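Top to bottom, those sequences are chains A and B.
Residue numbers for the first sequence follow my numbering, beginning at 3 and rising by one.
Residue numbers for the second sequence follow my numbering, beginning at 15 and rising by one.
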Amino acid sequence: MAVTILMPALSPTMTEGTLARWLKKEGEVVAAGEVIAEIETDKATMELEAIEEGVLGRILVTDGTSEVAVNTPIAILVEEGESVPEQSGNSASQPLSGKNISSSVEKPAQPVQSVQQQEPEWGETREMTVREALRDTMVEELRRDQDVFLMGEEVAEYQGAYKVSQGLLDEFGARRVIDMPISEHGFTGMAVGAALTGLKPIVEFMTMNFALQAIDHIINSAAKTRYMSGGQVSCPIVFRGPNGAAARVGAQHSQCFASWYAHVPGLKVVVPWSAADAKGLLKAAIRDPNPVIVLENEILYGQKFEAPISEDFVLPIGKAKIEREGKDVTLVAFSIMVGVALEAAELLAKEGIDAEVINLRSVRPLDKETIIASVRKTNHIVSVEEGWPVAGIGAEICTIAVEEAFDWLDAPPVRVCGLDIPLPYAANLEKLALPKPEWIVDAVRKQFGG
Amino acid sequence: MTLKNKASKTGSVLTSEQKEQALRDMLLVRRFEEKAGQLYGMGLIGGFCHLYIGQEAVVVGIGLVMKQGDRSITSYRDHGQMLVAGMTPRGVMAELTGRSGGYSHGKGGSMHMFSREKEFYGGHGIVGAQVSIGTGLAFASKYRDEDSVSIVYFGDGAVNQGQVYESFNLAALLKLPCLYVIENNRYGMGTSVERASASKDLSQNGSPWGIPSLKVDGMNVEAVYGAAKTAMDHCRSGKGPFLLEMETYRYRGHSMSDPAKYRPRSEVDDMRSHHDPIEMLKSEMLQEGYTEEAFKALDKEIKEIVQDSAIFAQESPLPDEKELWTDILVEA
Numbered sequence: 003m004a005v006t007i008l009m010p011a012l013s014p015t016m017t018e019g020t021l022a023r024w025l026k027k028e029g030e031v032v033a034a035g036e037v038i039a040e041i042e043t044d045k046a047t048m049e050l051e052a053i054e055e056g057v058l059g060r061i062l063v064t065d066g067t068s069e070v071a072v073n074t075p076i077a078i079l080v081e082e083g084e085s086v087p088e089q090s091g092n093s094a095s096q097p098l099s100g101k102n103i104s105s106s107v108e109k110p111a112q113p114v115q116s117v118q119q120q121e122p123e124w125g126e127t128r129e130m131t132v133r134e135a136l137r138d139t140m141v142e143e144l145r146r147d148q149d150v151f152l153m154g155e156e157v158a159e160y161q162g163a164y165k166v167s168q169g170l171l172d173e174f175g176a177r178r179v180i181d182m183p184i185s186e187h188g189f190t191g192m193a194v195g196a197a198l199t200g201l202k203p204i205v206e207f208m209t210m211n212f213a214l215q216a217i218d219h220i221i222n223s224a225a226k227t228r229y230m231s232g233g234q235v236s237c238p239i240v241f242r243g244p245n246g247a248a249a250r251v252g253a254q255h256s257q258c259f260a261s262w263y264a265h266v267p268g269l270k271v272v273v274p275w276s277a278a279d280a281k282g283l284l285k286a287a288i289r290d291p292n293p294v295i296v297l298e299n300e301i302l303y304g305q306k307f308e309a310p311i312s313e314d315f316v317l318p319i320g321k322a323k324i325e326r327e328g329k330d331v332t333l334v335a336f337s338i339m340v341g342v343a344l345e346a347a348e349l350l351a352k353e354g355i356d357a358e359v360i361n362l363r364s365v366r367p368l369d370k371e372t373i374i375a376s377v378r379k380t381n382h383i384v385s386v387e388e389g390w391p392v393a394g395i396g397a398e399i400c401t402i403a404v405e406e407a408f409d410w411l412d413a414p415p416v417r418v419c420g421l422d423i424p425l426p427y428a429a430n431l432e433k434l435a436l437p438k439p440e441w442i443v444d445a446v447r448k449q450f451g452g
Numbered sequence: 015m016t017l018k019n020k021a022s023k024t025g026s027v028l029t030s031e032q033k034e035q036a037l038r039d040m041l042l043v044r045r046f047e048e049k050a051g052q053l054y055g056m057g058l059i060g061g062f063c064h065l066y067i068g069q070e071a072v073v074v075g076i077g078l079v080m081k082q083g084d085r086s087i088t089s090y091r092d093h094g095q096m097l098v099a100g101m102t103p104r105g106v107m108a109e110l111t112g113r114s115g116g117y118s119h120g121k122g123g124s125m126h127m128f129s130r131e132k133e134f135y136g137g138h139g140i141v142g143a144q145v146s147i148g149t150g151l152a153f154a155s156k157y158r159d160e161d162s163v164s165i166v167y168f169g170d171g172a173v174n175q176g177q178v179y180e181s182f183n184l185a186a187l188l189k190l191p192c193l194y195v196i197e198n199n200r201y202g203m204g205t206s207v208e209r210a211s212a213s214k215d216l217s218q219n220g221s222p223w224g225i226p227s228l229k230v231d232g233m234n235v236e237a238v239y240g241a242a243k244t245a246m247d248h249c250r251s252g253k254g255p256f257l258l259e260m261e262t263y264r265y266r267g268h269s270m271s272d273p274a275k276y277r278p279r280s281e282v283d284d285m286r287s288h289h290d291p292i293e294m295l296k297s298e299m300l301q302e303g304y305t306e307e308a309f310k311a312l313d314k315e316i317k318e319i320v321q322d323s324a325i326f327a328q329e330s331p332l333p334d335e336k337e338l339w340t341d342i343l344v345e346a
């Protein structure tokens, strides 16, 4: 049966091409796979191979013809002895429903993401460090679910580089508390593979700085697989470790990654401050069927807070907490900066300014509702973060305030951020580079014309 | 503990039933890919599309050894792996055309398809990423104390990625049931192995970690089968990973827009004429009593299956626009 050969699309962007030359003449026999013509695309000169054997019955587009649109019939291939039909074409090789892609002007609206779940009752509490809260949470979740395991550098025999996994090897053994070689790219990919089968790894990075070696797997492999698989394969995994500046460890070990990960659809990113945050958010992360990043903070590990002792204290991811109510200005902070913002609020109180402090707890999803409601009350907003200013979390928060509460604002939103420099080592310089309560007080004063 | 790395010369290890299965599977992959190439030419498939034509014996020979529960994962040259894993030609082709009937409802495309049911874990677009992820599939088998083996395919282009060696170390250290398969088709995109790798024998690339290996004639389905059997028995018995280097060849360019000027046409023609995996198996079978008529009937049947998948892939509706916002996260 005669087959019409169409001008092929030979690159992702080709819409037309030049038929440079035919390598076969009319009447010549061609074998499957044999090159019959050369076609110039927008990128290169490509060889056109015959898909089936036959005789080149008729050439419809001659050598040197340019601007031949994709899908234009260029030749007819017939079987040996067969005559060339008058009507060129074999309907089977025509597209049945070609590029009839409707492009509606209105795009589907993003579903409203609103976390309705509320913070559970605390019940009985005790004072504990953030480190204890994280460790106890992992112990409880490892007991609760056999599919949960912890892996990372020095998590087992060394008892954790920062002692967060102290005692876990003794209770759960080397099968579930697994020391990894210094091999972030490899073991993160391996953990993602395990998660794709339904296991629930907790991957500890000694610090989040080292996760840069593995960020391809966090983003391309963990965050995108569910979408790319049409919902078939999800990735229940936790990536956790200390984030941000520690103390005098220099530029490569001192960086906040909140805005990096908050940027990525398919991830959830939590940023605990207190022991209760650490417990409730890590529990939520481990039980969540999605990839969740837990950005901890080394300096907070040793700080003590009252926290619930309940084994079922699970905080909703995406819900901020108002740590201090106030009526004059909204301070939005996360992780270690919540404490700094609370100190600033005390200083402001002495000046008669009543600050509300929001602890974000999560930067993806971001609790816009709480931020907007607060701004509509206080009419002033200052964001506070340790990370760099450009395209940071503060930029996002200030934009939200402008986009969704513009008419309530009495002053432009202000960002307080770490300086836009690699973090220096020298004690005096490091101190100058990171936000402190006085910076926040200054930012607020400016808003009130001070 | 490294085995001799010469091609497995185990003779005729396939039964006549297995040979017929191999012929059918290779022909399905070949015809499917030819059709995909056609649909690409017609503008029905977009973006990147990497065809498997020429390499069929690799995935088909290994497929004959795989058991229920074994997992597999590969790069973006993945259509052959999916068909051999038992995924339907309709579902794969409809994903290529970006339609709702595709395995990922049109949201993945040629490079990103998965099937939990068939234990196929993609379809990955970042060269080498699947090697670490595949090592994790094997980790899961060991963690759950399962009998399964994970087959991790990657090309000669991926062997220069650092994470491949991190994975080798982890798999050997943890004794994971992981079969690494290097599909050495001689070119990583347009760069020949000689121009990219200081290692002259890729089958030895796992030797620092004590990973046993075989170099295999990847154009010969029987040799692939024999080597895969040795390798998978090793993995399944708890001895850790195994590495196979398949010497194979892709007839088409790296992707659809590759003019393949980096290799002489005569090289392609020689492989096609003298080393074609389908022709070699067919001629062997003809000597053993298989008939040309039976082959023609098989080819016709396969072409009908492929044509059906192509029609399905064109008639299946485009994904609903609401799909934009689904499957990003598992909703609690």
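Positions of the beta carbon are idealized from the N, C-alpha and C atoms, including for glycine.
In this text the structure is predicted, and so the values were computed from the model without any measurement.
**Request:** Taking a Cβ distance cut-off of 8 Å, strictly less, list which residues of the segment 24-41 of chain A are near chain B, in chain order.
**Result:** Gly35 and Val37
**Asked** Cβ of Asp341(B) less than 8 Å from any chain A Cβ?
**Response** yes
**Prompt:** Going straight from the alpha carbon of Ser221(B) to that of Ala186(B), what length do you get?
**Reply:** 10 Å
**Asked** From this set, Val331(A), Met339(A), Met9(A) and Gly328(A), which residue's C-alpha is nearest Gly19(A)'s C-alpha?
**Response** Met9(A)
**Prompt:** Once you ignore the five residues that flank Ile288(A) on each side, which residues in its own chain have a CB closer than 7 Å to its CB?
**Reply:** Glu143, Val150, Lys202, Ile204 and Val240
**Asked** Do you know how far the Cα of His126(B) is from the Cα of Leu333(A)?
**Response** 43 Å
**Message:** At the level of alpha carbons, what is the spacing between Lys27(A) and Pro331(B)?
**Reply:** 40 Å
**Asked** Which ranges does the beta strand (DSSP E) cover as unbroken runs of at least 3 residues, wholly within the segment 34-98 of chain B, from first to last along the chain?
**Response** 85-88
**Prompt:** With DSSP run on the structure shown, which of helix, strand or coil describes Phe207(A)?
**Reply:** coil
**Message:** If we require 4 or more residues per run, which alpha helix (DSSP H) segments fall completely within the segment 363-425 of chain A?
**Reply:** 370-380 and 395-407
**Request:** Would you please state the rounded distance, in angstroms, between the beta carbons of Pro391(A) and Asp422(A)? I believe it to be under 8 Å.
**Result:** 6 Å
**Message:** Please confirm whether Ser93(A) has its beta-carbon closer than 8 Å to some beta-carbon of chain B.
**Reply:** Because the pLDDT of Ser93(A) is 44, which lies under 50, any placement of that residue in the model is unreliable, and the number read from its coordinates should be weighed accordingly. So, not an interface residue.
**Item:** Length at least 4, wholly inside the segment 291-354 of chain A: the alpha helix (DSSP H) runs in chain order
**Value:** 300-303 and 339-352
**Asked** When the Cα atoms are used, what is the spatial distance from Ile417(B) to Gly420(A)?
**Response** Because residue 417(B) is not part of the residues shown, which for chain B are 15 to 346, the question remains open.
**Request:** On a CA-only basis, which of Leu97(B), Tyr157(B), Ala154(B) and Thr205(B) is nearest Ser129(B)? Give me that one, please.
**Result:** Leu97(B)
**Request:** Can you have a look at Asp290(B) and say buried or exposed, based on whether 16 or more other CB atoms are within 10 angstroms of its CB?
**Result:** buried
**Message:** For Lys202(A), list the residues DSSP reports as bridge partners.
**Reply:** Val150(A)
**Message:** Helix, strand or coil, according to DSSP, for Thr43(A) in the structure here?
**Reply:** coil
**Simplified DSSP assignment, three categories, for Thr2(A)** = Nothing about residue 2(A) can be read from this structure; chain A reaches only from 3 to 452.
**Asked** Would a check of beta-carbon distances place Ser118(B) closer than 8 Å to chain A?
**Response** yes
**Asked** How do the segment 164-179 of chain B and the segment 75-89 of chain B stand: do at least 3 beta-carbon pairs fall below 8 Å, yes or no?
**Response** yes
**Request:** Buried or exposed for His93(B), please, with buried defined as at least 16 other CB atoms from any protein chain shown within 10 angstroms of its CB.
**Result:** buried
**Message:** Can you tell me where the beta strand (DSSP E) holding Arg242(A) begins and where it ends?
**Reply:** Val240 to Pro244
**Item:** Of the listed residues Gly200(A), Leu62(A), His187(A) and Arg23(A), nearest to Asn183(B) (C-alpha basis)
**Value:** His187(A)
**Prompt:** Mind pulling the alpha helix (DSSP H) runs of 4 or more residues that sit fully within the segment 114-177 of chain A?
**Reply:** 132-146
**Request:** Specify, as a first and last residue, the run of the alpha helix (DSSP H) that Glu109(B) falls within.
**Result:** Pro103 to Leu110
**Item:** Distance between beta carbons of Val386(A) and Ala264(A), contact taken as under 8 Å
**Value:** Actually they are not in contact, since the Cβ atoms of Ala264(A) and Val386(A) sit about 15 Å apart, beyond 8 Å.
**Asked** Between Val70(A) and the rest of its own chain, which residues show a CB-CB distance below 8 Å, the 5 nearest in sequence each way excluded?
**Response** Met9, Glu18, Gly19, Thr20, Leu21, Val63 and Ile76
**Request:** Would you grab the beta carbon distance between Arg178(A) and Leu152(A) for me? Rounded to a whole angstrom, and I think it's under 8 Å.
**Result:** 7 Å
**Request:** Inspect the beta-carbon positions of Pro274(A) and Trp124(A) and report whether they are closer than 8 Å.
**Result:** no
**Prompt:** Hey, Val117(A) and Pro293(A) are a contact pair by Cβ (cut 8 Å); roughly how many whole angstroms apart?
**Reply:** Going by Cβ atoms, the distance from Val117(A) to Pro293(A) rounds to 18 Å, so no, they are not a contact pair.
**Request:** Identify, in the order they occur along the chain, each residue of the same chain with its Cβ nearer than 8 Å to the Cβ of Glu159(A), setting aside the five sequence neighbours on each side.
**Result:** Leu171 and Asp181
**Prompt:** How about the segment 44-59 of chain B and the segment 360-378 of chain A: do they share at least three Cβ pairs that are nearer than 8 Å?
**Reply:** no
**Prompt:** chain B beta carbons: is any one of them nearer than 8 Å to that of Ala22(A)?
**Reply:** no
**Asked** Mind listing which residues of the segment 259-270 of chain A have their C-beta closer than 8 Å to chain B's C-betas, in chain order?
**Response** Pro267, Gly268 and Lys270
**is_contact[Gln177(B), chain A] using C-beta, thresh 8 Å** = yes
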